[in-house]
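Contents: one structure, followed by commentary.
Protein chains: 2
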Amino acid sequence: MSRIIRNTTTREMLAQLAREAEGLSQRERREFLRKGVTALSAAAASGVAVAASVNTDNLPPNEPSWSRQLGHGVVDSPYGMPSTYEQHVVRRTVPWLTAESISSISMTPLADLKGIITPNGLVFERYHAGVPLINPDEHRLILHGLVERPLIFTMDDLMRFPSASEIKFIECPANGGMEWKGAQMEALQFTHGMLSCCEWTGVPLRVLLQEAGVKPEGKWILAEGADGAHMSRSIPLEKALDDTLVVYAQNGERLRPEQGYPLRLINPGWEGNTSIKWLRRLEVGDQPWYHREETSKYTDLLANGKARKFSFVQEANSVITHPCPEKPIRQSGFIEIEGLAWSGRGHIKQVDISFDGGVSWVPAQLKGLVLPKALTRFSLVTRWEGQTWLLQARAMDETGYVQPTLKQLREVRGTNSIYHKNSIHTWKVAANGEVTNVQIT
Amino acid sequence: MSRIIRNTTTREMLAQLAREAEGLSQRERREFLRKGVTALSAAAASGVAVAASVNTDNLPPNEPSWSRQLGHGVVDSPYGMPSTYEQHVVRRTVPWLTAESISSISMTPLADLKGIITPNGLVFERYHAGVPLINPDEHRLILHGLVERPLIFTMDDLMRFPSASEIKFIECPANGGMEWKGAQMEALQFTHGMLSCCEWTGVPLRVLLQEAGVKPEGKWILAEGADGAHMSRSIPLEKALDDTLVVYAQNGERLRPEQGYPLRLINPGWEGNTSIKWLRRLEVGDQPWYHREETSKYTDLLANGKARKFSFVQEANSVITHPCPEKPIRQSGFIEIEGLAWSGRGHIKQVDISFDGGVSWVPAQLKGLVLPKALTRFSLVTRWEGQTWLLQARAMDETGYVQPTLKQLREVRGTNSIYHKNSIHTWKVAANGEVTNVQIT
Numbered sequence: 001m002s003r004i005i006r007n008t009t010t011r012e013m014l015a016q017l018a019r020e021a022e023g024l025s026q027r028e029r030r031e032f033l034r035k036g037v038t039a040l041s042a043a044a045a046s047g048v049a050v051a052a053s054v055n056t057d058n059l060p061p062n063e064p065s066w067s068r069q070l071g072h073g074v075v076d077s078p079y080g081m082p083s084t085y086e087q088h089v090v091r092r093t094v095p096w097l098t099a100e101s102i103s104s105i106s107m108t109p110l111a112d113l114k115g116i117i118t119p120n121g122l123v124f125e126r127y128h129a130g131v132p133l134i135n136p137d138e139h140r141l142i143l144h145g146l147v148e149r150p151l152i153f154t155m156d157d158l159m160r161f162p163s164a165s166e167i168k169f170i171e172c173p174a175n176g177g178m179e180w181k182g183a184q185m186e187a188l189q190f191t192h193g194m195l196s197c198c199e200w201t202g203v204p205l206r207v208l209l210q211e212a213g214v215k216p217e218g219k220w221i222l223a224e225g226a227d228g229a230h231m232s233r234s235i236p237l238e239k240a241l242d243d244t245l246v247v248y249a250q251n252g253e254r255l256r257p258e259q260g261y262p263l264r265l266i267n268p269g270w271e272g273n274t275s276i277k278w279l280r281r282l283e284v285g286d287q288p289w290y291h292r293e294e295t296s297k298y299t300d301l302l303a304n305g306k307a308r309k310f311s312f313v314q315e316a317n318s319v320i321t322h323p324c325p326e327k328p329i330r331q332s333g334f335i336e337i338e339g340l341a342w343s344g345r346g347h348i349k350q351v352d353i354s355f356d357g358g359v360s361w362v363p364a365q366l367k368g369l370v371l372p373k374a375l376t377r378f379s380l381v382t383r384w385e386g387q388t389w390l391l392q393a394r395a396m397d398e399t400g401y402v403q404p405t406l407k408q409l410r411e412v413r414g415t416n417s418i419y420h421k422n423s424i425h426t427w428k429v430a431a432n433g434e435v436t437n438v439q440i441t
Numbered sequence: 001m002s003r004i005i006r007n008t009t010t011r012e013m014l015a016q017l018a019r020e021a022e023g024l025s026q027r028e029r030r031e032f033l034r035k036g037v038t039a040l041s042a043a044a045a046s047g048v049a050v051a052a053s054v055n056t057d058n059l060p061p062n063e064p065s066w067s068r069q070l071g072h073g074v075v076d077s078p079y080g081m082p083s084t085y086e087q088h089v090v091r092r093t094v095p096w097l098t099a100e101s102i103s104s105i106s107m108t109p110l111a112d113l114k115g116i117i118t119p120n121g122l123v124f125e126r127y128h129a130g131v132p133l134i135n136p137d138e139h140r141l142i143l144h145g146l147v148e149r150p151l152i153f154t155m156d157d158l159m160r161f162p163s164a165s166e167i168k169f170i171e172c173p174a175n176g177g178m179e180w181k182g183a184q185m186e187a188l189q190f191t192h193g194m195l196s197c198c199e200w201t202g203v204p205l206r207v208l209l210q211e212a213g214v215k216p217e218g219k220w221i222l223a224e225g226a227d228g229a230h231m232s233r234s235i236p237l238e239k240a241l242d243d244t245l246v247v248y249a250q251n252g253e254r255l256r257p258e259q260g261y262p263l264r265l266i267n268p269g270w271e272g273n274t275s276i277k278w279l280r281r282l283e284v285g286d287q288p289w290y291h292r293e294e295t296s297k298y299t300d301l302l303a304n305g306k307a308r309k310f311s312f313v314q315e316a317n318s319v320i321t322h323p324c325p326e327k328p329i330r331q332s333g334f335i336e337i338e339g340l341a342w343s344g345r346g347h348i349k350q351v352d353i354s355f356d357g358g359v360s361w362v363p364a365q366l367k368g369l370v371l372p373k374a375l376t377r378f379s380l381v382t383r384w385e386g387q388t389w390l391l392q393a394r395a396m397d398e399t400g401y402v403q404p405t406l407k408q409l410r411e412v413r414g415t416n417s418i419y420h421k422n423s424i425h426t427w428k429v430a431a432n433g434e435v436t437n438v439q440i441t
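Line order of the protein sequences matches chains A and B. Heads up, the first sequence is in the UniProt record's numbering, so the first residue is 1 and it goes up one at a time. Heads up, the second sequence is in the UniProt record's numbering, so the first residue is 1 and it goes up one at a time.
Shown next, in the form of structure tokens:
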């Protein structure tokens with residue numbers, strides 16, 4: 001049916017294919033071109049059901065217009081940007097979420113992302129007094145308090161230390177927080193988009209603490225930002241000596257302004273606000289500071305009126321990224337159920353999928369790199385033939401911790417909090433393939 | 001000497017530190033502020049040797065200007081960009097390298113990068129007829145030739161297949177090619193900058209070939225781009241069935257235009273030009289096509305007048321990224337010698353460092369992720385006290401292959417070629433810390 005066509009152009013080859021197909025009936029012609037793609041969207045390939053917005057002049061057997069002309073040269077874009085056809089893939093805000101844009105959140109478009117790395121231009125944002133524009137030559141990190149040698153570092157000082165690079169997720173503990181009381185966010189970007197994952201490079205904080213010499217009574221560290229909010233958090237010394245990084249680069253290049261340029265903390269696996277951005281000051285003390293952002297904010301008010309404080313760890317969580325409200329199912333046949341799982345305590349060990357709202361479960365496959373405290377991709381290939389699904393994912397991490405249901409979580413935590421909602425999430429897949437966010441309690 | 005200062009602002013704390021230091025002599029004051037940073041650049045910390053361009057109003061004990069005002073809000077930059085202070089970190093071209101910008105190269109600023117991921121905006125560029133602007137809805141991939149079922153795929157078709165994500169380097173075989181005959185490129189960006197590493201996501205080519213059904217006599221695949229050059233290469237079926245990916249995403253987001261948006265091949269570990277961008281056509285044949293870009297170009301002309309053809313693999317290579325011409329040594333004391341190693345045949349097993357132009361070697365440490373056919377970071381912490389170095393790195397991969405000297409390479413390949421120069425590279429470190437590119441033959 002096909003033949004070897006050597007040294008011909010695409011145009012000639014396709015014209016030949018089209019001629020071969022011409023003698024066939026409409027149905028045979030479709031078969032000719034679609035054969036073997038029964039599970040695929042072959043409508044466009046058959047030339048029959050091309051959407052109105054598609055310029056058919058660019059479809060086979062024609063050579064598309066961009067193949068018949070020269071493109072732009074090499075000097076036009078020294079720092080590259082996405083295609084203009086991808087302009088919809090941006091961080092987005094929820095206007096009613098905060099009163100001021102300088103103390104707000106933008107969220108990562110998870111539905112459009114692949115793999116585990118979040119590109120720097122799409123890493124979610126959260127700040128408390130806007131993004132400061134900091135001159136790195138004039139930025140200083142001060143390390144003082146219960147130390148033998150108070151120190152002041154320039155950026156050059158810090159970049160002289162041996163560096164370490166780690167792929168770690170970062171997540172705002174308010175991720176999904178709008179849903180504690182039942183709000184329905186109709187997009188993955190808004191249910192889970194305060195979540196990103198980068199390769200971070202910097203100096204382990206323990207190295208700087210060794211240089212300063214922590215006194216025996218030193219047990220906590222206050223990290224303070226250089227932003228107008230002087231955003232600050234108290235961090236136990238154990239974490240600082242474990243895996244906290246003083247970071248100046250993300251995904252290879254220097255930090256983006258909204259990510260703390262020129263310097264930030266990364267506390268792997270911990271709630272994002274502890275990873276202080278625009279890091280200016282580290283003070284060693286013998287107890288926590290109980291600053292605003294660890295008392296009136298970033299504590300979890302329980303049903304009995306008491307609040308959990310210093311609830312640092314982002315426990316195991318997961319979400320299905322395909323299908324999702326932004327990516328409905330457009331065609332029956334095989335489908336890859338895909339998603340992301342992560343745990344602040346280490347590796348993801350297993351992810352299960354339910355199609356019936358948690359009654360029965362089947363294991364998904366973990367694919368690609370499975371790194372501790374990093375986003376992990378899971379996948380399950382199945383078929384969809386128009387049935388209604390209540391689609392869920394449930395993650396288990398290396399400690400054996402299993403992601404709870406919303407009911408289980410509410411039994412323990414009530415509904416007052418907005419933080420640390422890591423419960424099993426449900427997408428309802430309708431018979432027409434549309435996906436909506438539903439709560440199963 | 002230091003004390004606990006609770007609930008004070010940075011300004012108060014620093015004023016207090018400054019008062020404590022005031023009673024001391026100049027030397028004691030310096031000691032007070034520098035103590036413990038003997039190995040660090042503490043001049044700025046002491047307030048003595050601050051460069052003229054630095055606004056001292058922003059230095060401790062003052063609060064910097066950006067801490068006393070609000071920054072920009074969350075809606076200003078839906079797709080983020082680097083800080084304006086990093087505008088020098090861009091891809092650069094060598095003007096004399098090619099006659100036309102539409103058939104040229106821009107190179108990755110390796111000296112400014114950390115870790116192993118290259119951010120998408122800095123991935124090196126090479127194209128043969130400029131960058132086409134392709135409408136993904138009108139883009140088609142044609143798979144035909146010696147197959148049971150010729151197929152045409154839309155982008156939606158391709159993205160419906162189960163995806164795979166892999167962190168792999170990509171390198172132009174001309175990387176370092178200007179130096180075969182002895183040209184001295186005075187920057188790491190120009191000696192090795194046709195090199196990047198991303199997380200690529202797509203469909204394994206073997207899956208598409210299974211769909212089409214390769215006939216028994218099918219042995220080679222022609223991959224052709226939709227650019228004006230119709231850039232094409234012949235690829236053995238063995239590679240296609242092994243690890244070739246049909247890629248639509250890099251570092252999470254869709255491919256950048258200059259990287260082949262909306263579709264490209266990635267042939268892991270192979271010379272970059274085989275990873276056809278703007279991929280439009282795959283034809284299965286029983287022998288290679290001997291197109292222009294695998295005969296008059298991308299072959300290695302040997303001293304005897306014969307040319308190596310289909311020299312696909314990028315053999316083990318390495319380069320020191322710090323120090324380098326762009327990053328001279330500015331201070332005596334400890335220094336991290338850092339660099340990148342990579343091999344088209346698999347993992348990097350070992351990297352050695354020489355300070356004397358290859359007479360003696362010491363092993364470096366591999367740090368971070370060590371992945372097959374990916375960039376791998378190596379590191380050696382030592383001291384520099386003004387001595388002159390002939391600094392080299394030498395990589396060995398998992399096959400036991402050891403990176404050759406330039407002399408060894410020339411003995412086998414002569415000096416006619418511009419491709420596949422993977423010889424040991426030498427930086428000369430002068431007594432003043434300046435770094436220049438020298439050839440040891």
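By construction, the Cβ of each residue, glycine as well, lies at the ideal position given by its N, Cα and C atoms.
Check	Outcome
Just the C-alpha distance for B:R383 and B:L245, rounded to the nearest angstrom, thanks.	44 Å
Are B:V247 and B:W200 touching if we call contact CB-CB under 7 Å?	yes
What are the boundary residues of the beta strand (DSSP E) that A:T191 is part of?	From DSSP, A:T191 is part of no beta strand (DSSP E) but of the alpha helix (DSSP H) over 188-192.
Should A:V74 and B:E125 be called a contact, given that it needs their Cβ atoms to be closer than 7 Å?	yes
What did DSSP end up calling B:K215 once you bin it into helix, strand or coil?	coil
Regarding B:A223 and the ligand PLP, is the C-beta to nearest heavy atom distance less than 6 Å?	The ligand PLP is not part of this structure, which contains no ligands at all.
For A:I102, which of helix, strand or coil comes out of DSSP?	helix
On the premise that A:P372 lies in contact with A:G346, defined as a C-beta separation below 8 Å, what is that separation, rounded to the nearest angstrom?	5 Å
Would you list, in chain order, the members of the stretch 248-274 of chain B that have their beta-carbon closer than 7 Å to a beta-carbon of chain A?	A249, N251, G252, E253, R254, R256, P257, E258, Y261
Report the rounded CA-to-CA distance for B:A21 versus A:I348, giving the unit in angstroms.	For B:A21, the predicted model reports a pLDDT of 47, less than 50, meaning its position is unreliable; a value from the coordinates is still stated below. Going by the C-alpha atoms only, they are around 51 Å apart.
Smallest Cα separation from A:D300: which of A:K407, A:W389, A:G177, A:E100?	A:G177
Checking 7 Å against the spacing of the C-beta atoms, do residue 443 of chain A and A:S196 come in under that value?	Since the displayed chain A opens at 1 and closes at 441, residue 443 of chain A lies outside it and no answer follows.
Measuring only the C-alpha atoms, how far is A:A374 from A:N120?	16 Å
Using 7 Å as the limit for Cβ to Cβ distance, is A:G176 near chain B?	no
Quick one: list the residues of chain A neighbouring B:A226, beta-carbon separation under 9 Å, in chain order.	T10, E63, P64, W66, S67
Can you say whether B:G305 is buried or exposed, counting buried as having 16 or more other CB atoms within 10 angstroms of its CB?	exposed
With a threshold of 16 other CB atoms inside 10 Å of the CB of B:E211, please say whether the residue is buried or exposed.	buried
Give the secondary structure of A:Y261 by DSSP, where H, G and I count as helix, E and B as strand, and everything else as coil.	coil
Report the residue from B:E179, B:A111, B:R330, B:I152 whose alpha carbon sits nearest the alpha carbon of B:G414.	B:E179
If contacts are defined as beta-carbon pairs under 8 Å, then B:A223 and B:M194 qualify, I think. What distance do you get, rounded to the angstrom?	With a Cβ gap of about 20 Å, B:A223 and B:M194 do not count as contacting.
Please go through the same chain and pick out, in chain order, the residues whose beta-carbon is closer than 7 Å to the beta-carbon of B:G358, but skip the five residues on each side of it.	Q392, T405, I424, I440
What residues from chain B crowd round A:R377, counting only those whose CB sits closer than 8 Å?	S165
Hey, out of B:S103, B:Y290, B:P268, B:L409, whose CA is closest to B:E166's CA?	B:P268
Quick one: is B:Y290 buried, meaning 16 or more other Cβ sit within 10 Å of its Cβ, or exposed?	exposed
Under 7 Å, Cβ to Cβ, is there at least one residue of chain C near A:L70?	Within the model displayed, chain C is absent; protein chains A and B are what it includes.
Excluding sequence positions up to five away, which residues of its chain have a Cβ less than 6 Å from the Cβ of B:E398?	G346, H347, K349
Between A:L113 and A:G218, is the Cβ-Cβ spacing less than 7 Å?	no
Work out the CA separation of B:L380 and B:T361 for me, nearest whole Å.	Before going on, a small fix: residue 361 of chain B reads as Trp here, not Thr. Roughly 12 Å separates the two Cα atoms.
Can you tell which of B:I320, B:G333, B:F334, B:S354 has the C-alpha that lies nearest to the C-alpha of B:W342?	B:I320
Please list the partners that B:N120 has in chain A, where partner means a Cβ-to-Cβ separation under 7 Å.	G80, P119
Let me see if you follow: with CB-CB separation under 7 Å, is A:K114 close to chain B or not?	yes
Just curious, the beta strand (DSSP E) that B:L146 is in, first and last residue?	No beta strand (DSSP E) contains B:L146, which DSSP labels as neither H nor E.
Looking at the structure shown, is B:T56 part of a helix, part of a strand, or coil, going by DSSP?	helix
Which residues mark the beginning and the end of the alpha helix (DSSP H) in which A:V412 is found?	406-413
Per DSSP, B:E338 forms a beta bridge with which residues?	B:H322, B:S379
Using the C-alpha atoms, what's the distance from A:M81 back to B:T98?	24 Å
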